[in-house]
Structure formats: C-alpha cells, structure tokens
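Peer 1: Have a look at this one before I ask anything.
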Amino acid sequence: MPAYLWSGALGERFRGAPRVVECDTPRHADIVVVTGSLTEPLSEAAIAVISQAPATSRLLLVGDCALGEGPMAGESPGTDKTVGLETELIQGCPVTLESLVKGVPDVTR
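Just remember that the working numbering sits 1 ahead of the position in the sequence shown, which is counted from 1.
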C-alpha cells in the first residue's frame, strides 16, 4: 500500500496527523474521495462502489463537478444526496489550496 505524504503548504498543517494511505477496496476506507463529474451512466457504478464503504466512513466530494454543479450541472446529479455516508463538501472550480486545507481536517474528525 503506498503512503501519500503531505508536503509544502499542507505539510505544516497536517504535521502529526494520521498518515494518508491508499487502500485497495472501499470496505477498508475511512474516507472516500470523489472528484470530477459523475454523469448518469458513471453515477450508478460509482455509487455501487461507494456504498461498499463501512457506515463509519466519510465521503469527501472535491470540486463543483463532484457536487453536481459547474459546467456539467445538467448532466451530473452529484453524489451528496445519493449515498448514506456523512459527507463533507469542498466547493470550487478549480478547488483552491485553502479549501482543501479547510475541508480535509473537517472530514477527519
């Protein structure tokens, strides 16, 4: 399993926080991150994968497209209302570093 290290501006903010590790299956995920548009055909498959995460997992939607907004608003329903996980939203198009710094700690509570 590869570990992702925070560096640069994020490094100081997350020093001492639990490290981020990619897992092979949503069944082992504490946080599920969704970025980009989920069009109708993709949405069903993505929701099937996300729903495999434990009920204690949190969903982090990053960017306006993942929220069903932005340039694909008419094509993408977003996922925040379609799964039963506690959801944190990070808006932006593009998402700013400040938004990530604020949103990521919120989802790790």
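Beta carbons are placed, not taken as given, at the ideal position from N, Cα and C, and that holds for glycine.
Values in this document were obtained by computation on a predicted structure and should not be read as measured data.
The alpha helix (DSSP H) with residue 45 in it runs from where to where?
Peer 2: Here residue 45 corresponds to residue number 44 of the sequence shown, with the count starting at 1. Its alpha helix (DSSP H) spans residues 41–51.
Peer 1: When you compare only the Cα positions, how much space is there between residue 55 and residue 34?
Peer 2: Indexing the sequence shown from 1 puts residue 55 at position 54. Indexing the sequence shown from 1 puts residue 34 at position 33. Residue 55 and residue 34: Cα-Cα distance of roughly 14 Å.
Peer 1: Is the beta carbon of residue 62 closer than 8 Å to that of residue 88?
Peer 2: By 1-based counting over the sequence shown, the position of residue 88 is 87. By 1-based counting over the sequence shown, the position of residue 62 is 61. Taking 8 Å as the Cβ cut-off, residue 88 and residue 62 qualify as a contacting pair.
Peer 1: Let me make sure I understand the geometry here. Which of 30, 57, 48 and 99 has the alpha-carbon closest to that of residue 67?
Peer 2: Taking the first residue of the sequence shown as position 1, residue 67 is located at position 66. The candidate whose alpha carbon is nearest that of residue 67 is 48.
Peer 1: By how many angstroms is the C-alpha of residue 99 removed from the C-alpha of residue 46?
Peer 2: As a working note, residue 46 is residue 45 in the sequence shown. As a working note, residue 99 is residue 98 in the sequence shown. One C-alpha to the other measures close to 31 Å.
Peer 1: Which class does residue 34 belong to by DSSP, given the choice of helix, strand or coil?
Peer 2: The count along the sequence shown starts at 1 and reaches residue 34 at position 33. In the structure shown, residue 34 sits in a strand (DSSP, three-state: E or B).
Peer 1: Excluding the 5 residues preceding and the 5 following residue 94 in the sequence, name in chain order all residues of the same chain whose CB lies nearer than 6 Å to its CB.
Peer 2: Here residue 94 corresponds to residue number 93 of the sequence shown, with the count starting at 1. If we look at residue 94 and ignore the five residues flanking it on each side, its Cβ neighbours are 65 and 71.
Peer 1: My understanding is that residue 86 touches residue 60, with C-beta atoms under 8 Å, so please give their C-beta distance in whole angstroms.
Peer 2: The residue labelled residue 86 in the question sits at position 85 within the sequence shown. The residue labelled residue 60 in the question sits at position 59 within the sequence shown. Right, the Cβ-Cβ distance comes to about 4 Å (below 8 Å), so this counts as a contact.
Peer 1: What does the alpha-carbon distance come out to for the pair residue 90 and residue 74?
Peer 2: As a working mapping, residue 90 is identified with position 89 in the sequence shown. As a working mapping, residue 74 is identified with position 73 in the sequence shown. If I take the Cα positions, the gap works out to 16 Å.
Peer 1: Leaving out the 5 sequence neighbours to the left and right, which residues in its chain are closer than 8 Å to residue 28 when beta-carbon positions are compared?
Peer 2: Counted from its first residue, the sequence shown places residue 28 at position 27. Excluding residues within five positions, the ones whose Cβ falls inside 8 Å are 53, 54 and 55.
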